[in-house]
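K.L.:
Residue 0 is where the sequence shown starts when you use numbering that gives the first Met the number 0, and the numbers rise one by one after that. Ideal placement from N, C-alpha and C gives every residue a C-beta, glycine not left out.
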Amino acid sequence: MDADTLKSYDGDADVVFMRDFGKEGQPANVALLQYVAFEVVTRGVRSTLLAEHLIRAILKGYAFPSTDISKNDESSYRLQRCHWELPLIGLYNMLACIRLENQRESEDAAIVDLVRAEFNKILEVVLKDVIKLLPAGAHADHMRNTVAKVVSILATDPVFRRDIVENEQAAQLIFTCWTHMTPPNRADISMLVHGLYWDGCFTGSCHQCSRRTGPHTTPARAIHTIGVKTLIQKFGEWLSDPLTLDDMILHELCTLFDFIAGEPVYVDKFVTAGTWQHVVTSMRRQEEHGNPEKSLDVYTAGFHIIRELLTYASDYKTGNVSTEPPEGIIDVAATALILECDLPENALSDERFLLAIADRPLGPGYIQFLHDVAHAAVDCPRGAECEQGVLVPFIDGLRTQFERAYVPVNRELRARAAKCRPFARDAWSLWNALARQMGVSEAALALSWAAKGECCSPFCLKRGTVAGKMKKCSRCKAVRYCSMECQKAHWKEHKAHCGRV
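#1: Could you tell me whether the Cβ atoms of E339 and F401 are closer together than 8 Å?
#2: Please check the pair A109 and T47, which I expect to be a contact at CB under 8 Å, by giving their CB distance rounded to whole angstroms.
#3: Ends of the alpha helix (DSSP H) at C81?
#4: Which one or two residues does DSSP pair with Y480 in a beta bridge?
#5: Specify the secondary structure class of P86 as computed by DSSP and reduced to three states.
#6: Tell me which residue opens and which closes the alpha helix (DSSP H) that Y311 is part of.
#7: Any chance the segment 330 to 337 sits against the segment 285 to 304, with 3 or more Cβ pairs inside 8 Å?
#8: Roughly how many angstroms separate the alpha carbons of S348 and E287, rounded to a whole number?
#9: Could you tell me whether the Cβ atoms of Q276 and A373 are closer together than 8 Å?
#10: Is the separation between the beta-carbon of V270 and that of A300 shorter than 8 Å?
#11: Beta carbon of F393, beta carbon of T280: below 8 Å?
#12: Reducing DSSP to helix, strand and coil, say where A373 ends up.
#13: In the DSSP assignment, find the alpha helix (DSSP H) that holds L132 and state where it starts and stops.
#14: Select from R420, I305, D341 and D112 the residue whose C-alpha is nearest the C-alpha of D371.
#15: For Q285, count neighbouring Cβ atoms within 10 angstroms of its own Cβ and tell me buried if that reaches 16, exposed if not.
#16: Pick out whichever of N166, A139 and A154 has its Cα sitting closest to the Cα of T181.
#17: In the DSSP assignment, the alpha helix (DSSP H) including P182 goes from what residue to what residue?
#18: Quick check: the Cα distance between E453 and L397, rounded to an integer number of angstroms?
#19: How many Å lie between A493 and E326 at the Cα?
#20: Helix, strand or coil for T280 per DSSP?
#21: Rounded to whole angstroms, how far is the Cβ of Y91 from the Cβ of V149, which I believe are closer than 8 Å?
#22: Using C-beta distances below 8 Å, list every residue in its chain close to L249, excluding the 5 sequence neighbours before and after it, in chain order.
#23: Taking 7 Å as the line, does the beta carbon of P421 fall inside it for any heavy atom of the ligand ATP?
#24: Return the CA-CA distance between A272 and L252, expressed in angstroms with no decimal places.
#25: For K127, I'd like the list of residues in its chain whose CB is within less than 8 Å of its CB, leaving aside the five on either flank, ordered along the chain.
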């Protein structure tokens with residue numbers, strides 16, 4: 000829109016609509032509609048008349064000019080524009096201003112009531128274009144987010160919220176937007192899904208099953224709407240995406256826990272798909288790149304998922320496990336222990352990590368996981384078979400990870416326990432109790448590494464991954480190292496025992 004044309008519209012938005020849309024709802028050009036949609040934000044323009052015009056533009060539609068850029072642009076960023084997109088943005092901007100200003104204007108309540116009253120009709124129009132909500136990309140994400148934000152504002156009304164929860168068409172639209180939204184733009188739609196279907200504020204009948212969809216059975220609603228295979232695939236994508244961090248990881252993990260805890264019949268499918276490796280991968284990414292203040296909550300949710308999988312998966316219930324544990328799981332649990340030790344004492348309480356997942360208060364999952372491992376190690380010592388089956392490969396895999404992590408973590412925890420902090424002492428005791436159950440000690444590990452010809456530095460980060468010839472200590476020739484870095488890291492301890500040959 001050129002400057003002169005824009006200036007001619009710089010007035011009352013209602014008058015502009017009446018003049019240029021006409022009774023049939025045909026705009027002079029799309030630039031006008033875009034101008035009015037965003038004028039609501041820039042100038043605080045809103046009225047019931049303007050809301051009626053925007054709703055009419057959605058319901059009756061209008062023709063796009065042949066020169067509209069959205070039809071001619073072939074890039075993946077732009078899709079063919081939906082006729083309802085700009086008017087819906089205008090409605091959202093209007094509703095957002097009303098919420099921000101707490102219905103300050105005289106017509107605000109009437110505007111909100113009008114949009115709620117026409118929402119089912121708007122829903123039918125949007126669902127006709129549902130195929131355009133499926134592709135990846137910024138434009139499709141913007142459309143999905145617009146839908147989510149409008150529903151989120153309208154759902155602040157309890158009656159409307161209940162109607163939305165029980166509306167199958169609304170569920171189809173919301174779950175479609177949720178499953179196809181790409182990181183890092185998933186925050187709004189994830190909060191909406193949790194607010195409508197997981198918070199348990201309302202219970203509604205799922206038309207495809209006989210149960211009630213309360214806080215523990217709402218996963219059935221999503222599974223019926225989307226399909227369990229799609230959900231497993233999507234959780235893998237979301238948790239593996241490098242842009243998923245902090246609150247976004249926590250949202251995804253809590254939602255995944257809801258599915259597993261609410262529908263344990265599907266746990267085997269999640270295990271078969273390797274979902275727990277995606278969970279550990281997301282926790283390790285949080286460890287490397289996330290906000291430390293969010294990390295403990297992420298670890299808690301992640302380890303509760305791991306424990307839930309171990310509890311309900313058929314192989315683990317019978318002990319017939321021949322698979323290896325997720326790589327890095329012990330490292331993440333140890334990181335969580337150390338991070339919690341560094342918190343101020345007044346931040347540590349019984350309620351500190353009680354996340355309300357699946358309507359159940361849960362404590363630090365990593366601590367409970369380490370307790371589980373300790374008990375399992377007693378039942379399945381190295382080289383022996385469990386009474387019920389073949390759990391040994393799983394426990395042996397955890398033992399191998401623990402051996403790699405034991406010495407550096409033990410020293411970190413010991414240093415913190417020396418400061419006489421209660422939690423640090425408890426964490427160090429837990430770590431050493433696990434070591435006793437695993438049959439691990441610093442002396443035993445040093446002898447084992449020397450006998451196997453492995454790197455003798457307890458701080459080696461490449462243990463188990465480095466192949467090839469090790470280099471002996473140039474003085475004593477009795478110990479080997481995989482790199483100069485490992486030798487330097489161990490020299491302070493080794494020099495007391497190192498003698499020239």
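P.N.:
In brief:
#1: Counted from its first residue, the sequence shown places residue 339 at position 340. Counted from its first residue, the sequence shown places residue 401 at position 402. Their beta carbons are not under 8 Å apart, which means E339 does not touch F401 by this criterion.
#2: The sequence position of residue 109 within the sequence shown is 110, counting from 1. The sequence position of residue 47 within the sequence shown is 48, counting from 1. Indeed they touch by this definition, with Cβ atoms about 5 Å apart.
#3: For the purposes of this step, residue 81 is taken as the residue at position 82 of the sequence shown. Note, C81: premise wrong, no alpha helix (DSSP H); not H, not E.
#4: Here residue 480 refers to the residue found at position 481 of the sequence shown. Paired residues: K470.
#5: Counting from 1 along the sequence shown, the entry for residue 86 is found at position 87. Here P86 sits in helix by DSSP.
#6: Locating residue 311 in the sequence shown gives position 312, where the first residue counts as 1. Element bounds for Y311: P291 to Y311.
#7: yes
#8: If you number the sequence shown from 1, residue 348 lands on position 349. If you number the sequence shown from 1, residue 287 lands on position 288. Residue placement at S348 cannot be trusted, given a pLDDT of 41 that sits under 50; what the coordinates show is reported in the next sentence. Computed Cα separation, rounded: 26 Å.
#9: In the sequence shown, counting from the first residue as 1, residue 276 sits at position 277. In the sequence shown, counting from the first residue as 1, residue 373 sits at position 374. Contact flag unset, no.
#10: Locating residue 270 in the sequence shown gives position 271, where the first residue counts as 1. Locating residue 300 in the sequence shown gives position 301, where the first residue counts as 1. Not closer than 8 Å, so no.
#11: For this step, residue 393 is matched to residue 394 along the sequence shown. For this step, residue 280 is matched to residue 281 along the sequence shown. No; because the gap between Cβ atoms is not below 8 Å, this pair is not in contact.
#12: What you label residue 373 is simply residue 374 of the sequence shown in a count that begins at 1. In this structure, A373 counts as helix in the three-state DSSP scheme.
#13: Mapped onto the sequence shown, residue 132 falls at position 133. That residue, L132, is in no alpha helix (DSSP H); it is neither H nor E in DSSP.
#14: The residue you call residue 371 lines up with position 372 of the sequence shown. The candidate whose alpha carbon is nearest that of D371 is I305.
#15: Taking the sequence shown and counting its residues from 1, one reaches residue 285 at position 286. Flag for Q285 reads buried.
#16: Position 182 of the sequence shown, counted from the first residue, corresponds to residue 181. Of the candidates N166, A139 and A154, the one whose C-alpha sits nearest the C-alpha of T181 is A139.
#17: The sequence position of residue 182 within the sequence shown is 183, counting from 1. Segment: none, P182 is in no alpha helix (DSSP H) and carries neither H nor E.
#18: Here the question's residue 453 lines up with position 454 in the sequence shown. Here the question's residue 397 lines up with position 398 in the sequence shown. Cα to Cα, the separation comes out at about 19 Å.
#19: Residue numbering aside, residue 493 sits at position 494 when the sequence shown is read from its first letter. Residue numbering aside, residue 326 sits at position 327 when the sequence shown is read from its first letter. It is His, not Ala, that sits at residue 493 in the sequence shown. So the alpha carbons of these two residues sit roughly 30 Å apart.
#20: Counting from one through the sequence shown, the residue named residue 280 turns up at place 281. Assigned with DSSP and collapsed to three states, T280 falls in helix.
#21: Along the sequence shown, read from residue 1 onward, the residue named residue 91 stands at position 92. Along the sequence shown, read from residue 1 onward, the residue named residue 149 stands at position 150. With 8 Å as the limit, Y91 and V149 qualify as a contact, their Cβ atoms being about 5 Å apart.
#22: Residue numbering aside, residue 249 sits at position 250 when the sequence shown is read from its first letter. Only K293, D296, V297 and A300 meet the Cβ criterion.
#23: Absence of the ligand ATP is noted for the structure shown, with no ligands found whatsoever.
#24: The residue you call residue 272 lines up with position 273 of the sequence shown. The residue you call residue 252 lines up with position 253 of the sequence shown. Near 16 Å, if we compare the C-alpha coordinates of L252 and A272.
#25: As a first step, residue 127 must be located in the sequence shown, where it is residue number 128. Cβ neighbours of K127 beyond the five flanking positions: none.
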